[in-house]
Amino acid sequence: MKKPDWVIDKEKARRAAASETVWLFGLHAVRDALLNPRRDKLRLVVTRNAADKLASAIAESDITPEISDARKFAAPLDPQSVHQGAALEVRSLDWGALPDLCMAREGHVPRVILLDRVTDPHNVGAILRSAEVFGALAVIAPRHHSAPETGALAKTASGALERQPYLRVRNLAQTIEELRSMGYLVLGLDGEADQTIEEALEGRRDRPVALVLGAEGPGLRQKTRETCDALVRIAFADAFGSLNVSNAAAVALYASLPR
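Just add 4 to wherever you are in the sequence shown, counting from 1, and you've got this note's numbering.
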């Protein structure tokens, strides 16, 4: 019996994803990836100086480095990449299924971040750092129209990419509905919303909370706005209230924490 076209397409996409590799660069990003047992590490290119700085991580990873001249660095990176003499080819991390990642755990009130078409890798990297600091279970983004796992993202995340789940899903609205079915209160960030995060969470801070942020400028798409439980804003000191998306994510996470 012939497989349906959608099954064939899904299998092709899975095989393609498995064959894709990413070059991470920079001492922090490479060190943390080397020390991450979940990472499938393929090729390490380092200068002699970087090899000395990463010696313990290289030894623990059991990968044989290629020593390269700093003036003719052998890794296929963008010439503008600030690699600090270290680059590591890896496969993308598989964080598993959403229910497993985002299920409430004993003694911990879950918080997650969802990103609606945030495509700048530097913003996403910074958001991953904030998510790790404030204990978010995951940062979730759609597979299309979002920042993929790249060297630039990993360098900005400064190691958080290895520890903070970055889950890319097929459909953001469906993911929001799935989180709601798991008991999450879903709050969409909108600078013109009537209520603040604190007001929306009054008496409900013991609930699992998902914070949804849109791209700078366009903000949340209409479908995303309609799927959220409520739209909220960050409480600003005066009439001027504008943060870039990575700063907004950090402030929103802090404002949503259980008190």
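Where a beta carbon is used, it is the ideal one built from N, C-alpha and C, also for glycine.
Please read these numbers as outputs of a predicted model, since none were measured by experiment.
*Which value, in whole angstroms, describes the spacing of the CA atoms of A78 and Y170?*
29 Å
*Identify whether P146 lies in helix, strand or coil by the three-state DSSP scheme.*
Looking at P146 - three-state DSSP - the assignment turns out to be strand.
_With H, G and I counted as helix, E and B as strand and the rest as coil, what does DSSP make of R47?_
strand
*Do I144 and L118 come within 7 Å of each other at the CB atom, strictly closer than that value?*
yes
*Residue span of the beta strand (DSSP E) that contains G192, given as start and end*: 189–193
*asked:* Taking DSSP's pairing of strands, which residues face F29 in a bridge?
replied: A91
*asked:* Let's test the definition: count the other Cβ atoms within 10 Å of the Cβ of A253 and tell me whether it reaches 16, buried, or not, exposed.
replied: With 16 or more other Cβ atoms inside 10 Å of its own Cβ, A253 counts as buried.
*Sort out for me which residues DSSP pairs E70 with in a bridge.*
V49
*Determine the DSSP secondary structure at Q199, reduced to helix, strand or coil.*
strand
*Going by C-alpha distance, which of G100, V216, S85, I238 is nearest R42?*
G100
*Run the CB neighbour count on A256, radius 10 Å, all protein chains shown included, and call it buried at 16 or more, exposed below.*
Result: buried.
*Near the ligand MN: A91 beta-carbon under 6 Å from a heavy atom*: Here there are no bound small molecules, and the ligand MN is not part of this structure.
*Going by the beta-carbon positions, is the gap between L38 and A61 smaller than 7 Å?*
yes
*asked:* For G221, report the span of its alpha helix (DSSP H) as first-last.
replied: G221 -> no alpha helix (DSSP H), and no H or E assigned at all.
*asked:* To the nearest angstrom, how far is the alpha carbon of A161 from that of S96?
replied: 15 Å
*asked:* What residue range does the alpha helix (DSSP H) around A161 cover?
replied: 155–161
*Should Q84 be labelled buried (16 or more other beta-carbon atoms within 10 Å of its own) or exposed?*
exposed
_Taking 8 Å as the cut-off, does the segment 56–75 touch the segment 103–114 (at least 3 CB pairs, one atom from each stretch)?_
no
*For N53, count neighbouring C-beta atoms within 10 Å of its own C-beta (all shown protein chains included) and say buried if the count is 16 or more, exposed if not.*
exposed
*asked:* Within 8 Å, do at least three Cβ pairs link the segment 121–128 to the segment 138–154?
replied: yes
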